[in-house]
Each structure stands twice: as structure tokens, then as C-alpha cells.
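Just below is one structure, and these are the notes that go with it.
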Amino acid sequence: MNTELAGIIFTYALTLAIAIPLGRYSARVFKGEKTWLDFMAPFERFILRISGIDTRKEMNWKQHLFALLTINSVWLVYAFFCLLFQAHLPLNPDGNPNQTPDLAFNTAISFLVNCNLQDYSGESGATYFTQHFVFMFLHFVSAATGIAALVVLFRAMKDKVTDKLGNFWDYFLKAITRILLPISIVIAIILSFNGMPTSYKGKDTLISMQGDTVHVSRGPVAALVAIKHLGTNGGGWFGANSAHPLENPNYLTNIVEMVAQCIIPIGLVFALGFYLNKKKFAYVIFGVMTLGMLLLLIPTIQAEVGGNPAIARMGISQPTGAMEGKEVRFGPTASGYWSILTTVISTGSVNSMHDSAMPVSGFMMMMGMMINCFYGGCGVGFLNYYIFIIIAVFISGLMVGRTPEFMGRKIEAREMKIASLIALLHPFIILVGTAISSYVLVHMPNADWAVKPSAWLASPGYHGFSEMLYQYTSSAANNGSGFEGLGDNNIFWNVSAGFVMILGRFLPIIGPIAIAGILANKKFIPESAGTLKSDTSTFGLMTFAVIAIIAALSFFPALALGPIAEHFSLLK
Amino acid sequence: MDLIQVAIYVLAFIVTFWLFFKSVNYFEKI
């Protein structure tokens, strides 16, 4: 137990030890200052020249968003058609078939939006070509899209009065060449030297200890797993994701994958402080995010280490905690830590089966995705947090009877309308989706789909409801993890979750960038004695309260029907 | 392959992104 706790404390400490210098480095990259990776500049200039892009042309916030949306729409169509025809494309040694149109629709959106919800199993549902040139490609560009969007926000917060917010392509390209690519290479090398496959040969054949012939899938797994975590993507090479022994062979790879998925989201919070030269502001945000993460993590570890009360009542001892769905080599503490970090950070990879976790843990995992801004995904985590800052500033202004101001600009009706729409969008798409799926389950149980509604749920009752709620929560938060008890590869789930994922990705990028761009154009008001300080612990607590009220309470009734009811039913 | 389904999904992509582009203009004037 103590060793397991020491393991996760070491992992978090290592994460911070890397994230803080990475934040300083990222700020230097995007400010255009000298860094040790400046030797990439000729390569970047070559890419820009063949693309016909002049990064000296500065863009306003609308031009940034148009560029972001345009390139993402192209990638979506490309990914969709590659998946539809993957059996006819090269690099398919295992002879895997094409994806069906509804599955390709879901998968293409899922990887485009950095969600990586997988309604297929990687061993049989994708080829080496699509794993490389669709999934791994989208791992890089979707993470870089989020980072580039965040840098636009940084720039809008920095300059006093301007509509020139740098160049989207410059930010996007540097996010790949200066951050994602170099770190991914280092991680992939560590993973491949620890037993993760790096091979283009098809399935291997071996004889098991009981004499069966087993065909084992492999491929260049280490390269994909590196960017899968670094870019907070989460889509695994294998169906079991990082619970698979070839996708996470030992405790060292577990630490490496865990650290890899946290360093950019946490590093970007510190990058904000270095970029704006407001380190105290960044520390306050980091403090709020860390407090939120710990409030989700501690009950989870307590529940997992304590074991399942239903099993305890049967007189069975659980000295290692609740081990159903967990890997013995990781144990309940490292599994609980991974489950919470992967849901607050929006990676969505798993090293244990979330469906088997204790109801308290399921509750905490869902809360992490429902709040979706305690660190959050690459770039987009802080964009979500920014919405709550705007609302907190507005409410604080009303409380003290002053015009709300943030970073020297007045928050007025237009910004508040956008912030409110974005804050309400997240619960809206999750709860409406869950309501529709519950209706279909009850009223159309025998619909003629690949998986009939009557066969969707592995567990009846409260837990079954949690499986559906989790699926839409994971989709809307662009997380991608799943309560894998849900039979989701049919037209209903593929299409409905596809729409939830795409709405949950782009509108929460458009909203904060629009607010920041509009604010950047406003007259700058110098700080005075009456200005609300945004870098104090009081303001941090105010933001935390806003997050708790808006994000958490919106979901409480739905959570009461799922994990909360299940928890109390276990105690009977 | 069900080409009608494929066409519907491509149309859904176009409409969704058209709405995103419209939302950028909408947020400017809201």
C-alpha cells in the first residue's frame, strides 16, 4: 500500500519536474525567442514554402478560427474515406476489413477531435496504414490544433489593444516540430526498449503453456503510444488500450505513459504565466486545477484500495483492494491514479477497465470529464477554464458593484452570452444524448441494428444507466475512455456519439477565442485600486465555486440515477 | 457499401462545419 502510494507520488512529482520547464520552454517557442530546437527552422520554412503560407501575415481571431476549421474539415473527409477503404490500401498484413460507414463516421470524428473513442478494436478494426496515416497523423495535428488555439488566447490576453494575434499556421507548425515531435521520439524510444512492439510484420504465432496456438497482434505500437499520450489523445493500438501487456508492459512504462499524458496540459498552465509574465496568475490556476484533481483522486483511491463491499460480505478477503478489471502489475492505486488523471486530462487511455471500478470511482471519473477543465486536454483544457474565469469575473463584479474587468478589458453582455452558451453546451449535449439513448433502450429494444438496444448494456439497472451516461460524457469531453460494458458499435451510438464529439470539440474552441478576440479589441483600462485582482487565492476560490456550481450541479440529478444510486445499493 | 449512407455522412460533415463557420460570425455580432 505504502509502496503503491509512493509510486503515484513519485509519478506526479516527476510530472511537475518536467512540466514546469516545458511550460517555460513552450512560452519561449511561441514568443519567438531562441530555443535549443531552432535547428528545426529550415525544415519549418520548407514546409511553409511548399504549402504557400506566409507566417508574417498576422491574423485576427476570426481568421484564426477560419483557418482552424478549414484544415480540420479537410482532415475529417480524408480520415473518413481512408477508413472506408482501408482494406484496399497498403500495409494491411492481417487482412483487416473496411470499416462500415457509420463506424468510419464515428472513428474519423473521434480522432479528429482528439477524443479517440473507439467503437472498434485496434487489432481487427484498423490496418497499419490507418493506424499510421490516419490515427497517428490525427494524434499530432489534433493536439497541435488545441495548442495553437490556446496560443491565440495567450496572445489576445497579452497585447494591450490589437486585433493582430499572430499566425495560426506558425503556432500550429511549431507545436508539432518544437514540442510534440521531439518529445514523442524520446518517449517512443523508452517504450520500445521496454518490450513494446516496434514491427511491421503481421500477427505473431506462439504456443501457450496449455498448448493452444495463439495469434498475437503487433505492429509499430511504441511510436503510436508515445503521441497517443503526449497529445492527450488516448486511442490505443490494441482494444484493451494501456491495460494490454504489449501496450504497457511494466510499471516503468506505466510511469512514462502517465507522465507523458500530463506534461503538456500542466506545462501549458505554467506557459501562460511565462508568456504573459504573470506567474502568480498561473500558480493560482494551477492550484485550483490541482485542488479539483485531488478532490476526485483521493476518494477514488480510497474506494479502490478498500475493496468491494459486496465481495467482503461474502467473506472473501481483499488484501490488494478491488482487483476486478485491474492489472496485477499495476494494482488499485496506480490504476485509480491513471483513471482520474486520464479523465481530468481528456486523454481517455486506460490501464484498467473503468466499467469494473467501484461506483465512487466511476462517479469521480465522470465528474472529471463533466468539469473538463482540471488541466484538461492539450490546449483546450485552459480554453474551458477561461470560460469559467469570465463567468467568475462577471459574478465577482456584480458582488462588489463594479464593472467586471479582466486583464484590463471590460466584460460586457456579448462576452457573457458567449460564455454562458459554451458553459451550458456541455451539460446539454451529454444529458440530451443520455435521455434519448434511455428512451431508445426502453421503447425500441429490438431495433434491427448490429447491436440491438436490448443487448447494449452489460449490466442492468443503475450501472447500465452509468454506462450510457459515461459514453456521452466521454464523447462531449473529447476524452474517449469508455465503460466498456456498452455495446456501442451500431448506427445509433456511432452517429449520436459522433455528433456529440464534434459539437463538444469545436464550439468550446470557437467560444473562448471569440471572447478573447473581442476583449483584445477593447480599450485597455490600466489597473487601479478598484480592479479585481485575478491572481489571488480569493479569485481562485471564486472560480472553483463557479466551476462547482455550473459544471458539477448541472449533472448531479443524472449522477444520482447512476453511480450514486449504485454506491448506496452496494452498502445495503 | 451503402453509398446512400456515405453520402448522408458527407452531407452531415458539410452542414456541421458550415454551422461552425456561421457560429464564428454569430459570436461576433451576438
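One line per chain: the protein sequences are A and B, in this order. The first sequence begins at 864 in our numbering and counts up one residue at a time. The second sequence begins at 22 in our numbering and counts up one residue at a time. For each residue, glycine too, the CB sits at the ideal point set by N, CA and C.
Query raised in the report: Who are the near neighbours of A:I1299 in its chain, counting only those whose CB is closer than 8 Å to its CB and skipping five residues on each side?
Result: Reading the first sequence from its first residue, position 436 is the one you call residue 1299 of chain A. Excluding positions up to five away in sequence, the list reads S1359.
Report task. Could you pull the start and end residues of the beta strand (DSSP E) that A:V1079 belongs to? Result -> By 1-based counting over the first sequence, the position of residue 1079 of chain A is 216. In the DSSP assignment, A:V1079 falls within the unbroken beta strand (DSSP E) covering 1076–1079.
Report task. Indicate the three-state DSSP secondary structure (helix, strand or coil) for A:E1268 in the structure shown. Result -> Mapped onto the first sequence, residue 1268 of chain A falls at position 405. If DSSP states are grouped into helix, strand and coil, A:E1268 belongs with the strands.
Query raised in the report: Quick one: what's got a C-beta closer than 7 Å to A:V1119's C-beta in the same chain, skipping five residues either side?
Result: On the first sequence, residue 1119 of chain A is found 256 positions in, with the first residue counted as 1. Excluding residues within five positions, the ones whose Cβ falls inside 7 Å are I1050, I1053, L1054.
Query raised in the report: Is it right to say A:F906 is buried, meaning 16 or more other beta carbons lie within 10 angstroms of its own, or is it exposed?
Result: Here residue 906 of chain A refers to the residue found at position 43 of the first sequence. The residue in question, A:F906, is exposed, as its Cβ has fewer than 16 Cβ neighbours within 10 Å.
Report task. Pull up the distance between the alpha-carbon of A:A1321 and that of A:G1348, whole angstroms please. Result -> Here the question's residue 1321 of chain A lines up with position 458 in the first sequence. Here the question's residue 1348 of chain A lines up with position 485 in the first sequence. A:A1321 and A:G1348 have their C-alpha atoms roughly 5 Å apart.
Query raised in the report: Name the chain B residues whose beta carbon is nearer than 7 Å to that of A:V1303?
Result: The residue you call residue 1303 of chain A lines up with position 440 of the first sequence. Simply none; closest approach about 19 Å.
**Report entry** is_contact[B:V36, chain A] using C-beta, thresh 8 Å
**Finding:** In the second sequence, the residue the question calls residue 36 of chain B occupies position 15. Answer no: the Cβ-Cβ gap between B:V36 and chain A never drops below 8 Å.
Requested in this report: For chain B, find out if any of its Cβ atoms is closer than 8 Å to the Cβ of A:D1067; answer yes or no.
Outcome: Within the first sequence, the letter at position 204 stands for residue 1067 of chain A. So, not an interface residue.
Query raised in the report: How long is the line joining the alpha carbons of A:D1033 and A:T918, rounded to whole angstroms?
Result: Against the first sequence, residue 1033 of chain A aligns to sequence position 170. Against the first sequence, residue 918 of chain A aligns to sequence position 55. Straight-line Cα distance between these residues: approximately 6 Å.
Requested in this report: Taking 8 Å as the cut-off, decide whether the C-beta atoms of A:N1057 and A:T1116 are in contact.
Outcome: Working through the first sequence from its first residue, we reach residue 1057 of chain A at position 194. Working through the first sequence from its first residue, we reach residue 1116 of chain A at position 253. Taking 8 Å as the Cβ cut-off, A:N1057 and A:T1116 qualify as a contacting pair.
Query - Boundaries (first-last residue) of the alpha helix (DSSP H) holding A:T1008 - result: In the first sequence, the residue the question calls residue 1008 of chain A occupies position 145. Unbroken alpha helix (DSSP H) run through A:T1008: 1000–1021.
Query raised in the report: In the structure shown, what three-state DSSP assignment does A:L1204 receive?
Result: Counted from its first residue, the first sequence places residue 1204 of chain A at position 341. Reduced to three states, the DSSP call for A:L1204 is helix.
Requested in this report: Could you work out which residue in A:S984, A:D1026, A:M1059, A:T1394 is closest to A:Q926 when comparing CA atoms only?
Outcome: Along the first sequence, read from residue 1 onward, the residue named residue 926 of chain A stands at position 63. Here the closest residue by C-alpha is A:D1026.
Requested in this report: Taking all protein chains shown into account, decide if A:K1091 is buried (16 or more other Cβ within 10 angstroms of its Cβ) or exposed.
Outcome: The count along the first sequence starts at 1 and reaches residue 1091 of chain A at position 228. Per the 10 Å Cβ criterion, buried.
**Report entry** the region 1370–1385 of chain A contacting the region 1312–1320 of chain A, beta-carbon criterion three pairs below 8 Å
**Finding:** no
**Report entry** Selection from A:W924, A:F992, A:F873 that minimises the alpha carbon distance to A:P960
**Finding:** Stepping through the first sequence from its first residue, residue 960 of chain A is reached at position 97. Per the Cα distances, A:F992.
**Report entry** Residues that A:G1374 contacts on chain B, provided the C-beta gap is smaller than 9 Å
**Finding:** To locate residue 1374 of chain A, count along the first sequence from 1; it is residue 511. Neighbours of A:G1374 in chain B, taken as residues at a C-beta separation under 9 Å, are given in chain order as S44, F48.
**Report entry** Three-way DSSP call (helix, strand, coil) for A:P1308 in this model
**Finding:** Counted from its first residue, the first sequence places residue 1308 of chain A at position 445. Three-state result, A:P1308: coil.
Report task. Starting from A:T1068, trace the beta strand (DSSP E) both ways and give me its first and last residue. Result -> Against the first sequence, residue 1068 of chain A aligns to sequence position 205. Residues 1067–1070.
**Report entry** Reduced DSSP secondary structure (H/G/I, E/B, other) of A:T1040
**Finding:** Taking the first residue of the first sequence as 1, we reach residue 1040 of chain A at position 177. In the three-state scheme derived from DSSP, where H, G and I count as helix and E and B as strand, A:T1040 is classed as helix.
Query raised in the report: Among A:W924, A:W938, A:L1154, which has the Cα closest to the Cα of A:L1028?
Result: As a first step, residue 1028 of chain A must be located in the first sequence, where it is residue number 165. The candidate whose alpha carbon is nearest that of A:L1028 is A:W924.
**Report entry** Beta-carbon gap between A:V1256 and A:L1395 smaller than 8 Å
**Finding:** Against the first sequence, residue 1256 of chain A aligns to sequence position 393. Against the first sequence, residue 1395 of chain A aligns to sequence position 532. Yes.
Query raised in the report: Around the C-beta of A:G1231, are 16 or more other C-beta atoms found within 10 angstroms, so that it is buried, or is it exposed?
Result: As a working note, residue 1231 of chain A is residue 368 in the first sequence. In summary, A:G1231 is buried, with 16 or more beta-carbon neighbours lying within 10 Å of its beta-carbon over all protein chains present.
Query raised in the report: What are the partner residues of A:T1061, as DSSP defines its beta bridges?
Result: Residue numbering aside, residue 1061 of chain A sits at position 198 when the first sequence is read from its first letter. Answer by DSSP bridge pairing, in chain order: A:P1083.
**Report entry** A:P956 versus A:R912: straight-line alpha-carbon distance, rounded
**Finding:** In the first sequence, residue 956 of chain A corresponds to position 93, counting from 1. In the first sequence, residue 912 of chain A corresponds to position 49, counting from 1. Whole-angstrom Cα-Cα distance: 36 Å.
Query raised in the report: Is A:H1289 buried or exposed, if buried means 16 or more other CB atoms sit within 10 Å of its CB?
Result: Locating residue 1289 of chain A in the first sequence gives position 426, where the first residue counts as 1. Classification of A:H1289: buried, given that the 10 Å Cβ count is 16 or more.
Query raised in the report: Going straight from the alpha carbon of A:G886 to that of A:I1365, what length do you get?
Result: Within the first sequence, residue 886 of chain A is the residue found at index 23, counting from 1. Within the first sequence, residue 1365 of chain A is the residue found at index 502, counting from 1. The straight-line gap from Cα to Cα measures roughly 28 Å.
Query raised in the report: CA-CA distance, A:I1234 and A:T1068?
Result: Walking along the first sequence from the start, residue 1234 of chain A turns up at place 371. Walking along the first sequence from the start, residue 1068 of chain A turns up at place 205. Here the alpha carbon of A:I1234 sits roughly 45 Å from the alpha carbon of A:T1068.
Requested in this report: Counting only runs of 4+ residues fully inside the region 904–966 of chain A, write out the alpha helix (DSSP H) ranges in chain order.
Outcome: 904–914, 924–947
Query raised in the report: So what does DSSP say about A:S1215, is it helix, strand or coil?
Result: Translated into positions along the first sequence, residue 1215 of chain A becomes position 352. Strand, per DSSP.
Query - Any chain B beta carbon closer than 8 Å to A:I934 - result: Against the first sequence, residue 934 of chain A aligns to sequence position 71. Contact with chain B is absent for A:I934, since none of that chain's Cβ atoms lies less than 8 Å from the residue's Cβ.
Report task. With a threshold of 16 other CB atoms inside 10 Å of the CB of A:M1072, please say whether the residue is buried or exposed. Result -> Counted from its first residue, the first sequence places residue 1072 of chain A at position 209. A:M1072 counts as exposed, since fewer than 16 other C-beta atoms from the protein chains shown sit within 10 angstroms of its C-beta.
Report task. Please confirm whether A:I910 and A:L1043 have their CB atoms less than 8 Å apart. Result -> The count along the first sequence starts at 1 and reaches residue 910 of chain A at position 47. The count along the first sequence starts at 1 and reaches residue 1043 of chain A at position 180. No, Cβ-Cβ distance for A:I910 and A:L1043 is not below 8 Å.
Query raised in the report: So which residues on chain B does A:P964 lean against when the C-beta distance must stay under 8 Å?
Result: Stepping through the first sequence from its first residue, residue 964 of chain A is reached at position 101. Within 8 Å Cβ-Cβ: M22, D23, Q26, V27, Y30.
**Report entry** Where the alpha helix (DSSP H) through A:I1412 begins and ends
**Finding:** Translated into positions along the first sequence, residue 1412 of chain A becomes position 549. Note, A:I1412: premise wrong, no alpha helix (DSSP H); not H, not E.
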